[in-house]
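A short write-up of the structure that comes next.
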Amino acid sequence: MERTPLRFGLCLFFKMSKLRPLLWIFAAVIVSIVMMHILFIRKYSVRASAIHIIQSLKVNVHKETSDIDPHGNTLNGHLKVEDVLPEVKQEAKAQTLSVSSDSSSKGKAEEKPQMATEPPKNEGEKSDTSKEGPVTKAANGDGKLHSDSSANKELCNKKNQLVGPVAIDQTIPEIEEIVKKYSASHGGWVEKGGKWEPKDCVPKAKVAVIIPFRNRERQLKIFLRHMHPVLYRQSLFYQIFVIEQSGDDPFNRAGLFNIGFKEALKTADFNCFVFSDVDLLPEDDRNSYGCPTSPRHMSVAIDKFDYRLPYEGIFGGVGAFKREDFEKINGFSNLFWGWGGEDDDLYARIRARGFKLTRPSMMIGRYTMIKIFHFQSHGADPNRMNLLQNSASRMDSDGLSTLKYTLRKRLELPLVTVVNVVLSKSMYQ
Ligand code: NGS
């Protein structure tokens, strides 16, 4: 038969209609792949590569994106933390410590069930002030953290206390104002040293919140006003420690975290640790500051990064560890002086030990970075890229086991324990 265009078209139509279901499936697969690529892969990889190009040009990414540096100094750099958070002062007793690898702890961490890291499903209202914290005075006023009067008590499970998204207030309060509102000595709940524990149930975690610090008093006041009610509503046994670096050496954020770990264990047998910058305020109280099942990066969605992860391996901002997990990676490196890299080094340690990194959802792990301009007296650590070449092999010989510092003061203020230390490069040469 003659092959006319009409016959060819009819044949093709006939074959196509038989194949049509297959074609639809094929098209659907292609469209899904393209959508996934656009939604997930590009979102992270484009930002990550931008950041790493900037890094390789040795430009301080932070300066490019915001006025605020989570590690450095402020313009009003003359005040010391005890001037701004006055009250109980103790004798300053200088004492040089060179801590060995068997750790500074007093007592073993208790085996406690883990605090749930997933949020309850039905919460989403804004906070109201009536839910800010407890109204009754804390039962024990002796300044010690109690944990073993728990024989007949049940584990705390007060998710209905959580409010979900919480209001962010960036006005700078007077410290007396917050003390009056929160301190147990004024009818609030926070005990001297910045601690609290639930009295009617057994807390699922004993948490030390560690804040590295230098000349950031205004941020600290905002932070304390924000954090105490959040930690209270999470029903945690908690204490907030500010580790203040004196001296003129570049800021050593990671070293201060290690010191905080050691110093906190002199106070109580904490079984989990949250390491946080002073200028990061959680926007949702379902983001648990309790014990994570494995190392947890908590500040996954910060406003300054448009609530996205700037790159997949970031561990900056706020992170949480079980005590034993932090010990297994020998803590942070002590060798990063100035801005940047110490958190990437920690991430490499976590990976090298085979831990699975956990994160809250992008909806729950939201943070506001306090917008107060401050001057950064030291820039980025020029040696950080070299150190990052051998993060894993350096892990055992650089960290908690080799930490050196001089303890200058330890102050139990009404809303926080301040540990003032000298930490200098010369200690590591
Ligand atoms: C990376 C830094 C990290 C830092 C992150 C975000 O470039 O330490 O930026 O910084 N890594 C290196 O410098 C190698 S931020 O803008 O939050 O200050 O955490």
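Each residue of the sequence shown is one higher than the one before, starting from 4 at the first, in my numbering.
For glycine and all other residues, C-beta sits at the position ideal for the given N, C-alpha and C.
Everything numeric in this text was worked out from a predicted model, so none of it was measured.
Alpha-carbon spacing of residue i relative to residue j, whole angstroms
{"i": "ASP446", "j": "THR409", "result": "It is not possible to answer for residue 446, since the shown part of the chain is limited to 4 through 432."}
{"i": "LYS224", "j": "ILE178", "result": "7 Å"}
{"i": "ILE375", "j": "LEU338", "result": "28 Å"}
{"i": "ILE181", "j": "SER188", "result": "12 Å"}
{"i": "VAL419", "j": "ILE33", "result": "56 Å"}
{"i": "CYS490", "j": "MET301", "result": "The first residue shown for the chain is 4 and the last is 432, placing residue 490 beyond what the model contains."}
{"i": "VAL205", "j": "ALA271", "result": "16 Å"}
{"i": "GLU220", "j": "TYR431", "result": "29 Å"}
{"i": "PHE240", "j": "PHE226", "result": "18 Å"}
{"i": "GLU194", "j": "MET388", "result": "43 Å"}
{"i": "GLY382", "j": "LEU283", "result": "20 Å"}
{"i": "GLU247", "j": "VAL421", "result": "7 Å"}
{"i": "VAL233", "j": "GLY316", "result": "27 Å"}
{"i": "PHE244", "j": "LEU268", "result": "11 Å"}
{"i": "CYS159", "j": "LYS207", "result": "6 Å"}
{"i": "ALA257", "j": "LEU426", "result": "11 Å"}
{"i": "ALA355", "j": "ALA323", "result": "17 Å"}
{"i": "ILE214", "j": "GLY263", "result": "8 Å"}
{"i": "GLN392", "j": "MET398", "result": "12 Å"}
{"i": "PHE216", "j": "LYS412", "result": "14 Å"}
{"i": "SER35", "j": "LYS307", "result": "31 Å"}
{"i": "ASP347", "j": "SER364", "result": "21 Å"}
{"i": "TYR185", "j": "PRO285", "result": "19 Å"}
{"i": "PRO298", "j": "LEU349", "result": "10 Å"}
{"i": "GLY402", "j": "ILE175", "result": "35 Å"}
{"i": "ASP384", "j": "ASP203", "result": "48 Å"}
{"i": "PRO201", "j": "TYR235", "result": "8 Å"}
{"i": "ASN255", "j": "GLN222", "result": "18 Å"}
{"i": "PRO253", "j": "GLY343", "result": "12 Å"}
{"i": "ARG228", "j": "LYS407", "result": "32 Å"}
Proximity test, residue i beta-carbon vs the ligand FMN heavy atom, cut-off 7 Å
{"i": "ILE213", "result": "With respect to small molecules bound, the structure shown includes the ligand NGS and not the ligand FMN."}
Cβ-based burial, residue i [other Cβ within 10 Å; buried from 16]
{"i": "ASP72", "result": "The predicted model places ASP72 with a pLDDT of 31, which falls under 50 and marks its position as unreliable, so this point remains unresolved."}
{"i": "GLN242", "result": "buried"}
{"i": "GLU157", "result": "exposed"}
{"i": "THR405", "result": "buried"}
{"i": "ARG369", "result": "buried"}
{"i": "LYS428", "result": "exposed"}
{"i": "ASN290", "result": "buried"}
{"i": "ASP251", "result": "exposed"}
{"i": "THR371", "result": "buried"}
{"i": "TRP27", "result": "exposed"}
{"i": "ASN155", "result": "exposed"}
{"i": "PHE29", "result": "exposed"}
{"i": "SER52", "result": "Low confidence applies to SER52: its pLDDT is 36, below 50, so where it sits in the model is not reliable, and the reading given next is rough at best. With fewer than 16 other Cβ atoms within 10 Å, it is exposed."}
{"i": "SER336", "result": "buried"}
Closer than 7 Å: residue i CB and nearest the ligand NGS heavy atom
{"i": "PRO298", "result": "no"}
{"i": "PRO232", "result": "no"}
{"i": "ASP346", "result": "yes"}
{"i": "ILE373", "result": "no"}
{"i": "ALA383", "result": "yes"}
{"i": "LEU468", "result": "As displayed, the chain neither begins before 4 nor continues past 432, which places residue 468 out of reach and without an answer."}
{"i": "ARG362", "result": "no"}
{"i": "ILE317", "result": "yes"}
{"i": "LEU416", "result": "no"}
{"i": "ARG387", "result": "yes"}
{"i": "LEU391", "result": "yes"}
{"i": "GLY343", "result": "yes"}
Residue of the options minimising C-alpha distance to residue i
{"i": "LYS162", "options": "GLY197, TRP192, TYR185 and GLN237", "result": "GLN237"}
{"i": "ARG326", "options": "LYS265, LEU312, ARG228 and LYS198", "result": "LYS265"}
{"i": "VAL424", "options": "SER279, LYS195, LYS202 and LEU259", "result": "LEU259"}
{"i": "MET230", "options": "ILE171, PRO201 and ILE332", "result": "ILE171"}
{"i": "ARG352", "options": "ILE367, MET365, ALA395 and GLY402", "result": "ALA395"}
{"i": "GLY334", "options": "ASN155, ASP203, PHE29 and PHE278", "result": "PHE278"}
{"i": "ASN261", "options": "GLY341, GLN222, ILE332 and LYS307", "result": "ILE332"}
{"i": "TRP199", "options": "MET398, ASN155, ARG217 and PHE273", "result": "PHE273"}
{"i": "GLY190", "options": "LYS428, PRO417, SER427 and LEU426", "result": "PRO417"}
{"i": "VAL212", "options": "ASP280, PRO176 and PRO201", "result": "ASP280"}
{"i": "TYR310", "options": "GLY196, PHE358 and ILE367", "result": "ILE367"}
{"i": "PHE358", "options": "PHE329, SER429 and GLY197", "result": "PHE329"}
{"i": "LEU433", "options": "THR174, GLY197 and GLN173", "result": "The structure shown has nothing for residue 433, since the chain only spans 4 to 432."}
{"i": "ASN386", "options": "LEU349, HIS377 and GLY341", "result": "GLY341"}
{"i": "VAL303", "options": "ASP348, PRO253, ARG362 and TYR350", "result": "ARG362"}
{"i": "ASN218", "options": "GLY293, VAL321 and SER249", "result": "SER249"}
{"i": "LEU360", "options": "PRO313, PRO295, LEU312 and LEU390", "result": "PRO295"}
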